[in-house]
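Numbering (our numbering), first residue to last: 85 to 348.
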C-alpha cells in the first residue's frame, strides 16, 4: 500500500512539474525569479481538474478533438474513509441543443492527499462525436457575478504573453492534445470565434496562470470560459503570441477587452 501511495505521489509530482514548466515562460517577464514558484502554485491549484479531464479523455467521452471547455468547478469531497480513498466513475449528463452536444461530467478524484469533487461542462458540435446525445436536464454554466463587466484598473493589471509553443507545452504536460489547441484553424472548424490560423489556449492553462498570479486554489475553484483565448499559430508556428491581462484581485483574464476566464 505504501509503495502504491509513493508511486501515486511521484506521478503527481511529474505531472505538476510538466504543467509548471509550460507556465513559466508566460510568467517570467512580469514575475522574474518568482515565476517558477508561482507556476508550481498554479499547477497544484488546478491539479484535480487536470486529472479528471485526463480520465474523461481516456475513456468516458469518446472522440476528443473539437471538444470545448465551458466551465469547471472543483471542491473538497467529504469522506469518512480517509483522504485519497475515493475514485469513482464519472456521471455524465448529455443533451443536444441548436447543433451542439452539451455535456456535464461529475467526477471524484484523489489529488494532493485529498479527495475532490469536480464538475466539467463541455460542448461539441453535433456530428463530430460518434456517441449519440442522450436527453438530460443540463443547466447552463452559472454566470459569475460581474467580474467580466468590471473595468480593470492599470494598478491591478498584470499582462502575460502566451504563445503557441507554450500551449503545445501545456498539451504535452497535461496530455490534452485536442486539435483546437495545436492545429491552426481547428478552433474555427469546431465552432469557435477564431481566425483561420489561430489555436486556442487550454482553459485549465488559463486557470493555472490566474492562480499563479493571484494565489489561492487550495480549497477548490470555479472557472467559466466565456470566450476563447485565441493565439496566432500559422505557418512555422507563429510566436508573436497574444497578450492576456490578469486582474490581480479577482483573477479574471481578458484578451483585447473581452473576458476569456472568470473565476470564483
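Glycine included, every Cβ here is placed at the ideal spot set by N, Cα and C. Since this is a predicted model, take the numbers as computed values, not measurements.
Q. For the 8 Å Cβ check, are there 3 or more pairs between the segment 290-299 and the segment 203-212?
A. no
Q: Could you say which of 185, 162, 152 lies nearest to residue 194 if we only look at CA atoms?
A: Indexing the chain shown from 1 puts residue 194 at position 110. Minimum Cα distance to residue 194 is reached at 162.
Q.
Excluding the 5 residues flanking residue 287 on each side, which residues of the same chain have their C-beta closer than 8 Å to its C-beta?
A. Along the chain shown, read from residue 1 onward, the residue named residue 287 stands at position 203. So the list reads 153, 156, 307, 309, 345, once near-sequence residues are dropped.
Q: With residue 172 as the anchor, note down where its beta strand (DSSP E) starts and where it stops.
A: As a working mapping, residue 172 is identified with position 88 in the chain shown. Where residue 172 is concerned, the enclosing beta strand (DSSP E) stretches over 172-181.
Q. Out of 244, 127, 292, 191, which has the shortest C-alpha to C-alpha gap to residue 113?
A. Here residue 113 refers to the residue found at position 29 when the chain shown is read from its first residue. In terms of Cα proximity to residue 113, the closest of 244, 127, 292, 191 is 244.
Q.
For a test of the three-state rule: what should DSSP assign to residue 120, helix, strand or coil?
A. By 1-based counting over the chain shown, the position of residue 120 is 36. Three-state DSSP puts residue 120 in a helix.
Q: List in chain order: all unbroken alpha helix (DSSP H) runs of 4+ residues lying wholly within the segment 249-315.
A: 270-273, 287-298
Q: Below 6 Å CB to CB, which residues in the same chain sit around residue 141 once its five sequence neighbours on both sides are set aside?
A: For the purposes of this step, residue 141 is identified with residue 57 of the chain shown, where counting begins at 1. Hits under 6 Å: 148.
Q. For residue 339 versus residue 317, is the C-beta spacing smaller than 7 Å?
A. Taking the chain shown and counting its residues from 1, one reaches residue 339 at position 255. Taking the chain shown and counting its residues from 1, one reaches residue 317 at position 233. Not closer than 7 Å, so no.
Q. Is it right to say residue 342 is buried, meaning 16 or more other beta carbons lie within 10 angstroms of its own, or is it exposed?
A. Counting from one through the chain shown, the residue named residue 342 turns up at place 258. So residue 342 ends up on the exposed side.
Q. Would residue 294 be called buried (16 or more neighbouring beta carbons within 10 Å of its own) or exposed?
A. In the chain shown, counting from the first residue as 1, residue 294 sits at position 210. That one is buried.
Q. What do you reckon, are the CB atoms on residue 257 and residue 146 nearer than 7 Å?
A. The residue labelled residue 257 in the question sits at position 173 within the chain shown. The residue labelled residue 146 in the question sits at position 62 within the chain shown. Cβ atoms of residue 257 and residue 146: not closer than 7 Å.
Q. Which ranges does the beta strand (DSSP E) cover as unbroken runs of at least 3 residues, wholly within the segment 89-114, from first to last along the chain?
A. none
**Q.** Proximity to residue 119 [Cα-Cα], best of 282, 290, 188, 104
**A.** As a position in the chain shown, residue 119 is number 35, starting the count at 1. Residue 104 is the option with its Cα nearest to residue 119.
Q.
What residue range does the alpha helix (DSSP H) around residue 147 cover?
A. In the chain shown, residue 147 corresponds to position 63, counting from 1. Careful: residue 147 lies outside any alpha helix (DSSP H) and carries neither H nor E.
Q. What residues are listed by DSSP as bridge partners for residue 160?
A. Within the chain shown, numbered from 1, the residue matching residue 160 stands at position 76. DSSP, once it has assigned bridges, lists 200 as partnering residue 160.
(Q) Using a Cβ-Cβ cutoff of less than 7 Å, which residues in the same chain neighbour residue 108 once the five nearest sequence positions on both sides are dropped? (A) In the chain shown, residue 108 corresponds to position 24, counting from 1. Excluding residues within five positions, the ones whose Cβ falls inside 7 Å are 119, 120, 123.
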